[in-house]
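Read the structure below first, then the notes.
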DNA sequence: CCTGATATTGCGTGCCACGCACTATATGCG
DNA sequence: CGCATATAGTGCGTGGCACGCAATATCAGG
């Protein structure tokens, strides 16, 4: 995961990928939720310093490029849980892992708002959040030992859903609460 | 919701909508998850007995047409919960409502499998399942009185996730359990 | 039967995803 | 250090899709 772990080719590739997704999200934010159709592939590619064809080698749709950061973030949830001490109770471990991952740094309000409140991005945004479920379910299974049960998968889906709902609440206008507090509150609904 | 509740125009419209989505799902199943790209708009429209342009008046993408039935099903979850007796505990009411809705009749294995195991439909499928969340959260809020809390939304997301996970498990090859049993098991993970 | 409203359709347009072939650049080995 | 090979970037062409617009067909109700 660290850059040092890859050779030059892989690091260049990663940098290009991030340049494209970053440009895509920035342009989308500039146009706002109602002008997404105006964000053309050509603009994204140009802003990222690559050809339109190269953009399409990394992402197969504008929505995927725009939501790539959120998807990457989700993919890290499982690993974040695994890095918690093994003797910590599941609920505390999950809450600590999620809060650590999602508040360091605090998410970008504009980006999250763009992703979560643009109808044309809804499917891709849900996909991005649900990317957490697979690895998270595995991490839960190894932690609890209930490997062949429905429990890990259901719990992972519930946690991913709670994170999503917390994000929605955090974005509501005039909400002074820090994201961490809302996250903790939402997750506490899952672990009664 | 009953056909008698609409005038002739609305019923025709509904019939057309169902003809299109039904044709779309049928053709998608015929081609299988790996041949989705071969299901062309023209074929869907022809199979439904309408022009391609009319297809596009009802759905704005093939994925939306294919997943329409699942989306409609999800939209009914809130109402199903509301129709449970008010004095029933939340967990029992939810479980009864969901099982009633999702096993009467038993879902179509081929259709559900197509929707849930085709990567290109993943976003739309997640959207379809998440359609339950809004109405379901409202139904939970009115039932529990916790209107302004995160609880209803988080619980709704968890329930929708549990239904989705149950569907995935039910589709696993060589699984003899009836859907109702898996659903009950999955939902019991949400209500500890 | 007539009239206004709604549904259906045909046509044209801009854009997008992607296959293919070619070039440029990095990597590893003799 | 050069050379062979693998991998990234690019240009071009193609098929298809979503949708705006305007014309037409169909229907409800007086």
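Protein chains in written order, with UniProt numbering: chain A, 1 to 192; chain B, 1 to 192. Positions of the beta carbon are idealized from the N, C-alpha and C atoms, including for glycine. Model, not experiment: these values are computed from the prediction.
Rounding to the nearest angstrom, what Cα-Cα distance links residue 190 of chain A and residue 42 of chain B in this structure? One alpha carbon belongs to residue 190 of chain A, the other to residue 42 of chain B, and they sit about 46 Å apart.
Work out the CA separation of residue 82 of chain A and residue 169 of chain A for me, nearest whole Å. Taking the straight line from one Cα to the other gives about 27 Å.
With DSSP collapsed to three states, give me the class of residue 21 of chain A. Annotated three-state conformation of residue 21 of chain A is helix, per DSSP.
For residue 172 of chain A, which three-state DSSP category applies? Three-state result, residue 172 of chain A: coil.
Check the C-beta distance from residue 138 of chain A over to residue 78 of chain A and give it rounded, since I have them as a contact under 8 Å. By a beta-carbon distance limit of 8 Å, residue 138 of chain A contacts residue 78 of chain A. Their separation comes to about 6 Å.
Sorted by chain position, which residues of the same chain lie with C-beta nearer than 6 Å to residue 120 of chain B's C-beta, five sequence neighbours on each side aside? Taking C-beta separations shorter than 6 Å and ignoring five residues to either side along the sequence, the partners of residue 120 of chain B in its chain run 36, following chain order.
Residue 151 of chain B versus chain A: which residues are under 7 Å apart at the beta carbon? Near residue 151 of chain B (Cβ distances below 7 Å), the residues of chain A are 189.
Amino acids of chain A, ordered along the chain, whose beta-carbon sits closer than 7 Å to that of residue 122 of chain B: Among the residues of chain A, those whose CB is under 7 Å from the CB of residue 122 of chain B are 127, following chain order.
Please check the pair residue 102 of chain B and residue 179 of chain B, which I expect to be a contact at CB under 8 Å, by giving their CB distance rounded to whole angstroms. With 8 Å as the limit, residue 102 of chain B and residue 179 of chain B qualify as a contact, their Cβ atoms being about 7 Å apart.
Using beta-carbon positions only, say whether residue 172 of chain B and residue 124 of chain B come within less than 8 Å of one another. No, these two residues do not count as a Cβ contact at 8 Å.
For residue 126 of chain B, count neighbouring C-beta atoms within 10 Å of its own C-beta (all shown protein chains included) and say buried if the count is 16 or more, exposed if not. The residue in question, residue 126 of chain B, is buried, as its Cβ has 16 or more Cβ neighbours within 10 Å.
Between residue 24 of chain A and residue 62 of chain A, how many whole angstroms is the CB-CB distance? I'm expecting something under 8 Å. Sure, about 6 Å apart at Cβ, within 8 Å.
Who are the Cβ neighbours of residue 156 of chain B in its own chain at under 8 Å, not counting the five residues just before and after it? The answer, listed in chain order, is 132, 133, 134, 136, 137, 140.
Note down, in chain order, each residue of its chain lying with its Cβ closer than 6 Å to the Cβ of residue 166 of chain A, except the 5 sequence neighbours on either side. Around residue 166 of chain A, the same chain offers 182, 183, 186 as residues with beta carbons nearer than 6 Å, after the five sequence neighbours per side are excluded.
What does a CB cutoff of less than 8 Å around residue 153 of chain A pick up in its chain, not counting 5 residues either side in sequence? Cβ within range, chain order: 133, 137.
So, using beta-carbon positions, are residue 90 of chain A and residue 146 of chain A closer together than 8 Å? It is not a contact, given that the beta carbons lie outside the stated cut-off.
Under 7 Å from any heavy atom of the ligand MG, does the C-beta of residue 166 of chain A make it? Looking at this structure, you won't find the ligand MG or any other ligand, since it has none at all.
Mapping the DSSP letters down to three states, classify residue 49 of chain A as helix, strand or coil. Note: residue 49 of chain A maps to coil in three-state DSSP.
Looking at the secondary structure, which residues open and close the alpha helix (DSSP H) in which residue 81 of chain B lies? Where residue 81 of chain B is concerned, the enclosing alpha helix (DSSP H) stretches over 77 to 82.
Beta-carbon neighbours of residue 113 of chain B, restricted to chain A and to distances below 8 Å: In chain A, no part has a C-beta under 8 Å from the C-beta of residue 113 of chain B; the shortest such distance is about 17 Å.
What is the rounded straight-line gap between the Cα of residue 28 of chain B and the Cα of residue 70 of chain B? Distance between the alpha carbons of residue 28 of chain B and residue 70 of chain B: 14 Å.
Does the beta-carbon distance from residue 58 of chain B to residue 17 of chain B come in below 8 Å? Against a cut-off of 8 Å, the Cβ pair of residue 17 of chain B and residue 58 of chain B comes out as a contact.
Are the C-beta of residue 192 of chain B and some C-beta of chain A separated by less than 8 Å? Yes - at least one Cβ of chain A is within 8 Å of the one on residue 192 of chain B.
Residue 164 of chain B classed as buried or exposed, judged by whether at least 16 other C-beta atoms fall within 10 angstroms: Looking at its Cβ environment, which holds 16 or more other Cβ atoms inside 10 Å, residue 164 of chain B is buried.
In this structure, how does DSSP classify residue 118 of chain A when only helix, strand and coil are distinguished? Under the three-state reduction of DSSP output, residue 118 of chain A falls in the coil class, being neither helix nor strand.
Suppose you measure from the CA of residue 45 of chain A to the CA of residue 60 of chain A; what does that come to, to the nearest Å? Near 13 Å, if we compare the C-alpha coordinates of residue 60 of chain A and residue 45 of chain A.
DSSP three-state assignment for residue 9 of chain A, whether helix, strand or coil: Helix.
Can you check whether the C-beta of residue 185 of chain B is within less than 8 Å of a C-beta belonging to chain A? Put simply, the CB of residue 185 of chain B is near chain A, with a gap under 8 Å to one of its CB atoms.
Looking at the structure shown, is residue 189 of chain A part of a helix, part of a strand, or coil, going by DSSP? Three-state result, residue 189 of chain A: helix.
From residue 96 of chain B to residue 109 of chain B, what does the alpha carbon distance come to, in whole angstroms? Spanning the alpha carbons of residue 96 of chain B and residue 109 of chain B requires a straight line of approximately 22 Å.
Could you compute how far the alpha carbon of residue 159 of chain B sits from the alpha carbon of residue 174 of chain A? Between the C-alpha atoms of residue 159 of chain B and residue 174 of chain A there is a straight-line separation of about 29 Å.
Please go through the same chain and pick out, in chain order, the residues whose beta-carbon is closer than 6 Å to the beta-carbon of residue 68 of chain A, but skip the five residues on each side of it. So the qualifying residues of the chain are 21.
Rounded C-alpha distance that separates residue 112 of chain A from residue 94 of chain A: C-alpha separation (whole angstroms): 22 Å.
In angstroms with no decimal places, state the Cα-to-Cα distance between residue 149 of chain A and residue 192 of chain A. The alpha-carbon atoms of residue 149 of chain A and residue 192 of chain A are separated by roughly 20 Å.
Between the alpha carbons of residue 188 of chain A and residue 26 of chain B, how many angstroms are there, rounded? Those two C-alpha atoms are separated by around 42 Å.
Straight-line gap, residue 84 of chain A to residue 98 of chain A (C-alpha atoms, nearest Å): Rounded to the nearest angstrom, the two C-alpha atoms are 11 Å apart.
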